[in-house]
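Each residue of the sequence shown is one higher than the last, beginning at 2 in the working numbering.
All residues carry an ideal CB built from backbone N, CA and C; glycine is no exception.
Remarks on the structure that follows.
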Amino acid sequence: MTNSVAFTTVVDDIDDEALDDAVKKRLGFGFWVAISWIGLVSLAALLAPWLPIADPNEIANGAPRDGILGDNFMGTDALGRDVFARTIWGARISLGVGFLGILLGIVVGGAIGIAAGYFKGLTDQVISFVVFSLLSFPSLVLALLITASLNRSFLTVAMTLGIVGIAPISRLARATTIQFAEREFVQAARVIGAKSRRIIIKELLPNVLVPMGALTLLGMGISIVAEGGLAFLGLSVEGEAISWGKSIVDGSQTRDLNQNSHVAFVPIFAMFLTVMALNFAGDRIREYTDVRETAF
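Written out as structure tokens, the structure is:
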């Protein structure tokens, strides 16, 4: 008996060590670089009103079309507005829209997908019909219809991106729920008479949220790019609100783009690095959850 317990303890230690090594290998140095960049950009966006930078909407804050490393750190646009300040402030809208959009998609789409995957039957058929109908409708056209018919406020744009993401997110949640609904711990909960509400909240939801964590970062990157697309169509946030998409549009409309490419390049570079970091970190988290899943 003692030898059996000792053997089990050794095996558990080996499994834990193997799991730790696998996790470290999966995440890697690049993951922490990506997370650091995301944190830095998010912190700069949150603290933008208190940072020692110029007013992003102040006209003639510097010489018009001043280049990089001129009187202004990253130059100015055609109206003399500081490009660096506009990029920092643009992160507030772009990151905010991306986060709220994917959050709405995960909350609504996740709830719908879990309901369809758990209850099955008529509930699954009705939800699947609605989801497939939404998926058959072009996402860009749906976003255009919503933003064109409503005021283009921050919340409207975020809500639009969230609605577009509900259908694909619900499919992932449904597939994950169906997978875990057949596991022993869920079947055991049913046998002892646990109600559906308790099974969903206590047993299924924690497991469904695992892949959703990676999807949050991946979907946030997609939402940021989608906002940029809406900006090119003139359907992003209206007024003096600044986003990376609107800054890129302003820069692309510069008459002499060859000599003033920094106006568009700076926000493009910021968007590129941020979206790449979100995708990289999200992919590593997905691999991490795969390791946890296959390890037990």
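Neighbourhood of residue i by C-beta, 6 Å cutoff - its chain only, sequence neighbours within 5 removed
{"i": "Leu123", "result": "none"}
{"i": "Asp125", "result": "Ala117"}
{"i": "Val109", "result": "Ile167"}
{"i": "Thr275", "result": "Val42"}
{"i": "Ser253", "result": "Ala265"}
{"i": "Ala45", "result": "Ile89"}
{"i": "Ala86", "result": "Ile54, Ala55, Pro57"}
7 Å Cβ cutoff met for residue i and residue j
{"i": "Val264", "j": "Asp56", "result": "no"}
{"i": "Ala242", "j": "Ile54", "result": "no"}
{"i": "Ser244", "j": "Gly91", "result": "yes"}
{"i": "Ile39", "j": "Ala271", "result": "no"}
{"i": "Gly163", "j": "Leu105", "result": "yes"}
{"i": "Val267", "j": "Val34", "result": "no"}
{"i": "Ala1", "j": "Gly229", "result": "The requested residue 1 is not part of the displayed model; the chain covers only 2 to 297."}
{"i": "Ile113", "j": "Ile128", "result": "yes"}
{"i": "Ile170", "j": "Ile249", "result": "no"}
{"i": "Thr177", "j": "Val142", "result": "no"}
Contacting residues, own chain, Cβ-Cβ under 7 Å from residue i (five flanking each side not counted)
{"i": "Leu70", "result": "For Leu70, the pLDDT reaches just 49, beneath the cut-off of 50, and the residue's location in the model is therefore unreliable, leaving the point undetermined."}
{"i": "Gln180", "result": "none"}
{"i": "Val211", "result": "Thr290"}
{"i": "Gly31", "result": "Phe281"}
{"i": "Asp251", "result": "Asp78, Val264"}
Beta bridge counterpart(s) of residue i as assigned by DSSP
{"i": "Asp83", "result": "Thr77"}
When the options are compared against residue i, the one with the closest alpha-carbon
{"i": "Pro50", "options": "Thr88, Trp33, Ile60", "result": "Thr88"}
{"i": "Ala159", "options": "Ser134, Ala174, Phe100", "result": "Phe100"}
{"i": "Asn261", "options": "Ile36, Phe32, Leu80", "result": "Leu80"}
{"i": "Leu236", "options": "Val165, Asn152, Ile113, Val127", "result": "Asn152"}
{"i": "Ser140", "options": "Ser150, Thr161, Lys121", "result": "Thr161"}
{"i": "Lys247", "options": "Pro207, Asn58, Arg172, Glu185", "result": "Asn58"}
{"i": "Phe138", "options": "Val165, Ser150, Thr157", "result": "Val165"}
Sequence-distant residues of the same chain with beta carbon closer than 8 Å to residue i, five excluded per side
{"i": "Leu47", "result": "Arg93"}
{"i": "Thr155", "result": "Correcting the residue type first, residue 155 is Phe in the shown sequence and not Thr. Answer for Phe155: Ile94, Gly97, Val98, Val238, Ala242, listed in chain order."}
{"i": "Leu234", "result": "Leu145"}
{"i": "Gly214", "result": "Ile286, Thr290"}
{"i": "Ile60", "result": "Leu80, Gly81, Arg82"}
{"i": "Ala182", "result": "Gly118, Tyr119, Leu205"}
{"i": "Asn280", "result": "Leu218, Leu219, Gly222"}
{"i": "Leu52", "result": "Ala45, Ile89"}
### Query
Should the stretch 109-121 be called in touch with the stretch 141-161, which here means at least 3 C-beta pairs below 8 Å?
No: the two stretches stay apart, fewer than three of their Cβ pairs being nearer than 8 Å.
### Message
Counting beta carbon pairs with one atom in the stretch 271-286 and one in the stretch 214-222, are three or more of them shorter than 8 Å?
### Response
Contact between the stretch 214-222 and the stretch 271-286 is present, because at least three Cβ pairs lie under 8 Å.
### Query
Counting Cβ pairs, one atom from each stretch, are 3 or more of them under 8 Å apart for the stretch 221-239 and the stretch 183-191?
Verdict: no, contact absent.
### Task
Would you check if the stretch 133-142 and the stretch 193-210 touch, i.e. whether three or more CB-CB distances between them fall below 8 Å?
Taking a cut-off of 8 Å for Cβ pairs, the stretch 193-210 and the stretch 133-142 do not touch, as fewer than three such pairs fall below it.
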